[in-house]
Ligand code: SF4
Ligand code: SF4
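In this note's numbering, the protein residues as written are 654 to 1159.
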């Protein structure tokens, strides 16, 4: 790559974003080091003046990497844009060796042993003791595999409570950062998109302690207990969501979650697409793909078609889509509008073009006419087969939610006399925290902040209280030996048979 000095204004964006430090600024002009440059084109993408130009030819000693769509050209002794591959004497070498599990075991840390992974009893129906330093309502011991195991449970009022809600859909729900409301009350925020899903948060301590806190707690509890909730995203969609059910978004019920982005869809189905048409476009708001230029298309023998898409190119055959209510979550309502132009010097009349989405929900088929126009035709059998293959690979569109909480007073002082020892035991897998028997993920760092899939917690197990807080069934399970060591309330312990006399454990 090289710089057109006439156009370069010295803004420095290319130097900021070059992943290998190949761009420097000299006398307010960008300069590219040719030996270091990998042709990743990041500088070209960010240059507002169009001042980055393609060099005439690739350095003859450079090797083209095939490990991702960037296709870096790497000179001897240099690394690619991702810093993983290096050209060593004409061979591309992955710099870090392949790691066995034993090499990462220390970093990964311990998992709680099987013995303590499940609680003896759950916190559901346990009640709470107050003030916090009183022993928890149930401290139960029992023998497992000849080892004394203890489970301590409480229904903990947690004001540090948030729901992270995942809605599997391509349909737009609203801008990231937009307010999520019920009526006029703010209950949450739109977070980042995830692969094929939109993420919202609901609650959080500041909303719970704010003006509408009691209402927020009530809505969160409904959501956590698997009841339907109606939301409105400010400037976005109306949502009706329920954990375990498909969402309703502005009155539409998406049946399928997309199989991947447009590029992934091309990667998955290129052989079928090649049978279906001469050119295939997979419309997607994240990455739209074009078979003839996409690596997967070329690998199955797709030839240039002269089709140019209206979206900006990311890497060959991959384009950044836009957002809207059209095909694949883009603004394209009429699929042929995705095509900006067709170069008739490359294309030939009779050429077949299929346009579809990442869910296979919609598809259209066109034949190129001698005057360069497109005529829509019914989908031939091969095209139907390819589209059906996409649809069959998609999972159903569902709503799911993680409850995220931080355990405070009763959920720690009620368990042991030295709460810091309990915190450390949870982080070091010597005590296992479950919620209604469901496994949790413990967030790293200090404190006991956990996440649990509410779909795995018995419906109706969450309550709310006007402190305001969500009440969550919490269990800690550990060996009796460890429990004593961390200052457990052993005087309040009861055998399992005394608590649930007629049931058989394990
Ligand atoms: S093409 Fe990539 S590696 Fe080369 S100068 Fe531009 S950003 Fe840097
Ligand atoms: S894998 Fe890394 S080195 Fe290879 S093309 Fe992609 S960014 Fe470049």
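For each residue, glycine too, the CB sits at the ideal point set by N, CA and C.
Euclidean distance between Cα positions of residue i and residue j
| i | j | result |
| --- | --- | --- |
| residue 736 | residue 1026 | 45 Å |
| residue 819 | residue 938 | 18 Å |
| residue 794 | residue 776 | 14 Å |
| residue 1133 | residue 1139 | 10 Å |
| residue 750 | residue 711 | 29 Å |
| residue 1017 | residue 980 | 11 Å |
| residue 1062 | residue 1083 | 20 Å |
| residue 1075 | residue 880 | 34 Å |
| residue 685 | residue 661 | 12 Å |
| residue 895 | residue 1003 | 48 Å |
| residue 842 | residue 1089 | 27 Å |
| residue 1047 | residue 782 | 47 Å |
| residue 1054 | residue 959 | 45 Å |
| residue 943 | residue 713 | 29 Å |
| residue 696 | residue 968 | 13 Å |
| residue 971 | residue 962 | 10 Å |
| residue 978 | residue 1114 | 38 Å |
| residue 1102 | residue 831 | 25 Å |
| residue 835 | residue 872 | 8 Å |
| residue 839 | residue 874 | 15 Å |
| residue 934 | residue 1007 | 6 Å |
| residue 1129 | residue 888 | 43 Å |
| residue 945 | residue 910 | 26 Å |
| residue 1190 | residue 953 | With the chain covering 654 to 1159 only, the question about residue 1190 has no answer from this structure. |
| residue 780 | residue 966 | 58 Å |
DSSP-derived helix/strand/coil call for residue i
| i | result |
| --- | --- |
| residue 598 | In the structure displayed, the chain extends from 654 to 1159; residue 598 sits before or after that span and is not available. |
| residue 915 | helix |
| residue 655 | strand |
| residue 812 | coil |
| residue 1053 | strand |
| residue 876 | helix |
| residue 1148 | strand |
| residue 741 | strand |
| residue 1103 | strand |
| residue 1043 | helix |
| residue 1077 | helix |
| residue 1071 | coil |
| residue 1159 | A caution first: residue 1159 carries a pLDDT of 45, below 50, which makes its placement in the model unreliable, though a value can still be read off. Residue 1159 falls in the coil class under three-state DSSP. |
| residue 871 | helix |
| residue 628 | Since the first and last residues shown for the chain are 654 and 1159, residue 628 lies out of range. |
| residue 697 | helix |
| residue 610 | Since the first residue of the chain shown is 654 and the last is 1159, residue 610 is not available in this structure. |
| residue 824 | coil |
| residue 1001 | coil |
| residue 769 | helix |
| residue 1108 | helix |
| residue 963 | coil |
| residue 732 | strand |
| residue 1143 | helix |
Cβ neighbour criterion (16 or more within 10 Å) applied to residue i
| i | result |
| --- | --- |
| residue 690 | buried |
| residue 1165 | With the chain covering only 654 through 1159, there is no way to say anything about residue 1165. |
| residue 671 | buried |
| residue 941 | buried |
| residue 1024 | exposed |
| residue 997 | exposed |
| residue 760 | exposed |
| residue 708 | exposed |
| residue 1144 | exposed |
| residue 1159 | With a pLDDT of 45 at residue 1159, under the threshold of 50, the modelled position of this residue cannot be trusted; read the value that follows with caution. Label assigned to residue 1159: exposed. |
| residue 903 | exposed |
| residue 999 | exposed |
| residue 681 | exposed |
Beta bridge counterpart(s) of residue i as assigned by DSSP
| i | result |
| --- | --- |
| residue 1180 | Residue 1180 falls outside the range modelled here, since the chain spans only 654 to 1159, and no answer is possible. |
| residue 1130 | 804 and 1085 |
| residue 1016 | 1009 |
| residue 1160 | What the structure shows of the chain is the stretch from 654 to 1159, and residue 1160 is not part of that stretch, so it cannot be assessed. |
| residue 817 | 854 and 1055 |
| residue 1118 | 1122 |
| residue 791 | 806 |
| residue 995 | 960 |
| residue 1021 | 1027 |
| residue 1095 | 1103 |
Check: residue i C-beta below 7 Å from any heavy atom of ligand 3
| i | result |
| --- | --- |
| residue 673 | This structure does not include ligand 3; its bound ligands are ligand 1 and ligand 2. |
Inset, instruction - Decide yes or no for the touch test of the segment 975-995 against the segment 814-829: beta carbon pairs closer than 8 Å, at least 3 of them. - result: yes
Legend entry - Segment contact, 8 Å Cβ cut-off, at least three pairs: the segment 911-927 with the segment 942-961: A contact exists between the segment 911-927 and the segment 942-961.
Legend entry - Touch test, the segment 690-699 against the segment 722-729, Cβ-Cβ under 8 Å, three pairs minimum: yes
Inset, instruction - Evaluate the contact criterion for the segment 1119-1138 versus the segment 848-863: three or more CB pairs, one atom per stretch, below 8 Å. - result: Verdict: yes, contact present.
Legend entry - At least 3 beta-carbon pairs within less than 8 Å: the segment 788-808 vs the segment 1026-1035: no
Legend entry - Cβ contact (3+ pairs, closer than 8 Å) linking the segment 755-773 and the segment 736-747: no
Inset, instruction - Taking 8 Å as the threshold, find out whether the segment 890-904 comes into contact with the segment 919-939 through three or more Cβ pairs. - result: Fewer than three Cβ pairs drawn from the segment 890-904 and the segment 919-939 lie within less than 8 Å of each other, which leaves the two stretches out of contact.
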